[in-house]
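Chains as they are written, first to last, in the numbering used here: chain Y, 584 to 763; chain Z, 13 to 226.
Just so you know, even glycine gets a beta-carbon here, dropped at the ideal spot from N, CA and C.
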């Protein structure tokens, strides 16, 4: 192995260490299945490793990796040949399970309960969103990506990203307002 | 960068100024600053809910990852990707194994269900013709026309009536031997009485002769 390959390998290792948690988190919140998220994360980094030499740095490594992850997730759900069996075997849990992991932040029990309820409401809305709206929403409000980054990762225009985000937020707002 | 501020920037896309003005016109009694305060409160609540949602997803993911890589050290994870492609490919099936097992189980279950359905259908399809054929072979051919004639003359009974008729026939069959044994017993007693005490039977004999003379 020559020096250039060694350097590329080290660079890629650093990318894995830096971005793996974020990619896994996005896939977990999208699929709600720990096993599936883990598998897709591995596939994502395998694909990235195979194509690492072609990465020209036009966007950030994170955006590039996120694009691969989004495409893998799309491929997984769009392949409807085995959809019935997938649904039967799926270990997906409700996104409201995330509310169980809400940090307490030294709040009172009542405040924690209210916070959990709010998280459950948001999770319920997110589960009901279309695939694209959910992806945009999660990238924005969970991964805290900029709109331009989301547009590059999803392959949509910024206007479309804004529109999807707006609809998603409207639904969250309605849910929170209705349950008050 | 302030997280709340960033949320506020994009969470207000849906708030149409016209709609807010219409609402304000409809609620004349409410002052505009009160409406503003309500909107602010809504916004704060939304920001807070989104922040909590983000925190909870982060915590959930961290927990899931910790569980996944509990045994594997960070170097092993790195080695998985840092090594040659072949090694990466070899490492992949380990995580795929549970999924493959589940898929195999699903297929096996499906095959069993299909096989059961088919065999049940075939059984139902062949059971009645085979039964009829067996009955036809077991029945003597020379009896067939006579039985057919009998069947033609037999009244068609409904299942309930048929069951009742069968019950009645069964009762008759049970009572008949009892009656026969009673008649035999009476005849035996009469003959014994006539043999031992002939005079005792005379009144009966007179009655018989008087009936005949009449």
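Exercise for the section: Using beta-carbon positions only, say whether residue 704 of chain Y and residue 759 of chain Y come within less than 8 angstroms of one another. Expected result: Taking the first residue of the first chain as 1, we reach residue 704 of chain Y at position 121. Taking the first residue of the first chain as 1, we reach residue 759 of chain Y at position 176. A contact, by the Cβ cut-off of 8 angstroms.
Exercise for the section: Measure the C-alpha to C-alpha separation of residue 635 of chain Y and residue 595 of chain Y and round it to an integer number of angstroms. Expected result: For the purposes of this step, residue 635 of chain Y is identified with residue 52 of the first chain, where counting begins at 1. For the purposes of this step, residue 595 of chain Y is identified with residue 12 of the first chain, where counting begins at 1. Each residue's Cα considered, the two are about 8 angstroms apart.
Handout entry: residue 686 of chain Y vs residue 67 of chain Z beta-carbon contact at 8 angstroms
Key = On the first chain, position 103 is the one that residue 686 of chain Y refers to. On the second chain, position 55 is the one that residue 67 of chain Z refers to. Yes. Within cutoff.
Practice task
State yes or no: is the C-beta of residue 58 of chain Z within less than 8 angstroms of the C-beta of residue 755 of chain Y?
Solution key: One-based indexing of the second chain puts residue 58 of chain Z at position 46. One-based indexing of the first chain puts residue 755 of chain Y at position 172. Yes, they are a contact pair.
Handout entry: Collapsed DSSP secondary structure at residue 640 of chain Y in the structure displayed
Key = Translated into the one-based positions of the first chain, residue 640 of chain Y becomes position 57. Residue 640 of chain Y falls in the coil class under three-state DSSP.
Handout entry: Cutoff 8 angstroms; reference residue 652 of chain Y; Cβ partners in own chain excluding five residues on either side
Key = Numbered from its first residue, the first chain carries residue 652 of chain Y at position 69. 606, 609, 610, 623, 624 and 627.
Exercise for the section: Could you tell me which of Y:752, Y:629 and Y:729 sits nearest to residue 741 of chain Y, measuring between CA atoms? Expected result: Here residue 741 of chain Y refers to the residue found at position 158 of the first chain. Considering only alpha carbons, the answer is Y:729.
Practice task
Select from Y:587, Y:642, Y:590 and Y:616 the residue whose C-alpha is nearest the C-alpha of residue 737 of chain Y.
Solution key: Taking the first residue of the first chain as position 1, residue 737 of chain Y is located at position 154. The option with the nearest alpha carbon to residue 737 of chain Y is Y:642.
Exercise for the section: Classify residue 683 of chain Y as buried or exposed, calling it buried when 16 or more other Cβ atoms lie within 10 Å of its own Cβ. Expected result: Numbered from 1 along the first chain, position 100 holds the residue referred to as residue 683 of chain Y. Under this definition residue 683 of chain Y is an exposed residue.
Practice task
With distances taken Cα to Cα, identify the nearest neighbour of residue 62 of chain Z among Y:733, Y:722 and Y:734.
Solution key: As a first step, residue 62 of chain Z is located in the second chain; it is residue number 50 there, counting from the start. Looking at the Cα atoms, Y:722 is the closest of the given residues.
Handout entry: Buried/exposed call for residue 593 of chain Y, threshold 16 Cβ in 10 Å
Key = Locating residue 593 of chain Y in the first chain gives position 10, where the first residue counts as 1. Exposed: under 16 other Cβ atoms inside 10 Å.
Practice task
For chain Y, find out if any of its Cβ atoms is closer than 8 angstroms to the Cβ of residue 112 of chain Z; answer yes or no.
Solution key: Numbered from 1 along the second chain, position 100 holds the residue referred to as residue 112 of chain Z. So no, residue 112 of chain Z is outside the interface.
Handout entry: Residues near residue 734 of chain Y in its chain [Cβ-Cβ closer than 7 angstroms; skip 5 each side]
Key = For the purposes of this step, residue 734 of chain Y is identified with residue 151 of the first chain, where counting begins at 1. For residue 734 of chain Y, where only same-chain residues beyond five positions count, the Cβ hits under 7 angstroms are 740, 741 and 744.
Problem - Cβ neighbour criterion (16 or more within 10 Å) applied to residue 113 of chain Z - result: Numbered from its first residue, the second chain carries residue 113 of chain Z at position 101. Exposed, by the Cβ-count rule.
Problem - Nearest candidate by alpha-carbon position, reference residue 616 of chain Y, set Z:73, Z:193 and Z:208 - result: Here residue 616 of chain Y refers to the residue found at position 33 of the first chain. Residue 616 of chain Y has its Cα closest to that of Z:73, out of Z:73, Z:193 and Z:208.
Practice task
Taking residue 111 of chain Z as the reference, give the member of Y:588, Y:587, Y:621 and Y:612 with the closest Cα.
Solution key: Translated into the one-based positions of the second chain, residue 111 of chain Z becomes position 99. Here the closest residue by C-alpha is Y:621.
Problem - 8 angstroms Cβ cut-off: residues of chain Y touching residue 70 of chain Z - result: In the second chain, the residue the question calls residue 70 of chain Z occupies position 58. Neighbours of residue 70 of chain Z on chain Y, chain order: 608 and 725.
Problem - Euclidean distance between Cα positions of residue 658 of chain Y and residue 710 of chain Y - result: Looking up residue 658 of chain Y in the first chain gives position 75. Looking up residue 710 of chain Y in the first chain gives position 127. Their backbone Cα atoms lie some 19 angstroms apart in a straight line.
Handout entry: Delimiting residues of the alpha helix (DSSP H) encompassing residue 717 of chain Y
Key = If you number the first chain from 1, residue 717 of chain Y lands on position 134. Run containing residue 717 of chain Y: 714-724, per the alpha helix (DSSP H) assignment.
Problem - Three-state secondary structure assigned by DSSP to residue 686 of chain Y - result: Translated into positions along the first chain, residue 686 of chain Y becomes position 103. Note: residue 686 of chain Y maps to coil in three-state DSSP.
Problem - Euclidean distance between Cα positions of residue 714 of chain Y and residue 650 of chain Y - result: Taking the first residue of the first chain as position 1, residue 714 of chain Y is located at position 131. Taking the first residue of the first chain as position 1, residue 650 of chain Y is located at position 67. Their backbone Cα atoms lie some 15 angstroms apart in a straight line.
Practice task
Name, please, each residue of chain Y whose Cβ falls closer than 7 angstroms to the Cβ of residue 64 of chain Z.
Solution key: Sequence index remark: in the second chain, residue 64 of chain Z carries index 52 (1-based). Chain Y residues near residue 64 of chain Z: 685, 698, 701 and 702.
Practice task
Tell me where the alpha helix (DSSP H) around residue 703 of chain Y begins and ends.
Solution key: Residue numbering aside, residue 703 of chain Y sits at position 120 when the first chain is read from its first letter. Note, residue 703 of chain Y: alpha helix (DSSP H), 692-711.
Handout entry: Interface flag, residue 78 of chain Z vs chain Y, CB-CB below 8 angstroms
Key = Residue 78 of chain Z sits at position 66 when you count from the first residue of the second chain. Output row for residue 78 of chain Z: interface = no.
Handout entry: Distance between beta carbons of residue 213 of chain Z and residue 201 of chain Z, contact taken as under 8 angstroms
Key = The residue you call residue 201 of chain Z lines up with position 189 of the second chain. The residue you call residue 213 of chain Z lines up with position 201 of the second chain. That pair is no contact at about 12 angstroms.
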